[in-house]
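Below is one structure, written out as structure tokens; the observations come after it.
Structure below.
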């Protein structure tokens, strides 16, 4: 377990520090003069890259311009000075759900920083290293379904299965979907 965690942290550190990031060029094609109100000067982040939600001590950004696997989503958030989102309360979960629905993406999947890559069945938030204290799993989840190719479900996504709202699901980290980044403002 310890060896697997160390390898994971080394890989994640390398990904976060990689300078050669190949994100869609359309994200960088808008100039500041075209969108003078898009800068979040306090954070050095531009809102035209991702829609913004201010909520308590955090700001959330929806990664909706391209789909990425969990690792690439993590890399994108880190490149922009953020982390994949961690959710610590029902209130926070409800706020994010409303934000996603109001943005027109209520039927999509979104990566969070949740994972059990270090130890099967023990999910924690990669963004802060803390175990999940609040959970909002879909019925029967997490189930660590094993696919024919041997891949298992080790990363936590938000998913509106059966129109029951955004619930949590474990999914293979290689699946490409949208994602939610966060940054603390305290």
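Numbering (mature numbering (1 follows the signal peptide of the UniProt record, and there is no 0)), first residue to last: -20 to -1, 1 to 166. Virtual Cβ for every residue (Gly too), placed ideally from N, Cα, C.
DSSP three-state assignment for residue 41, whether helix, strand or coil: strand
Span of the beta strand (DSSP E) holding residue 34? 32 to 35
Which of helix, strand or coil does DSSP assign to residue 51? helix
Distance between residue 129 and residue 84 (C-alpha atoms, nearest Å): 33 Å
Is residue 147 near the ligand FAD, with its Cβ less than 7 Å from a heavy atom? With respect to small molecules bound, the structure shown includes none, and the ligand FAD cannot be examined in it.
Between which residues of its own chain and residue 96 is the CB-CB distance below 6 Å, once the five residues before and five after are set aside? 102, 103, 134
Are there 16 or more other CB atoms within 10 angstroms of the CB of residue 53, so buried, or fewer, so exposed? buried
Can you give me the C-alpha to C-alpha distance between residue 156 and residue 47, rounded to a whole angstrom? 5 Å
Residue 117 CB to nearest chain C CB: under 8 Å? Chain labels in this structure do not include chain C; a single protein chain is all it has.
Meets three-Cβ-pair contact criterion under 8 Å: the stretch 145 to 156 and the stretch 33 to 51: yes
Our contact map puts residue 37 next to residue 166 with C-beta atoms below 8 Å; I'd like the distance itself, whole angstroms only. 5 Å
Which residues bound the alpha helix (DSSP H) around residue 74? 70 to 82
When the Cα of residue 56 is compared with those of 145, 144, 91, which residue comes out closest? 91
In terms of residue numbering, what span does the beta strand (DSSP E) encompassing residue 160 cover? 157 to 164
I'd like the span of the beta strand (DSSP E) that includes residue 147, first residue to last. 147 to 151
Hey, out of 162, 136, 123, 79, whose CA is closest to residue 112's CA? 136
Evaluate residue 93 with the Cβ neighbour count: other Cβ atoms within 10 Å of its Cβ, from every protein chain shown; 16 or more gives buried, anything less gives exposed. buried
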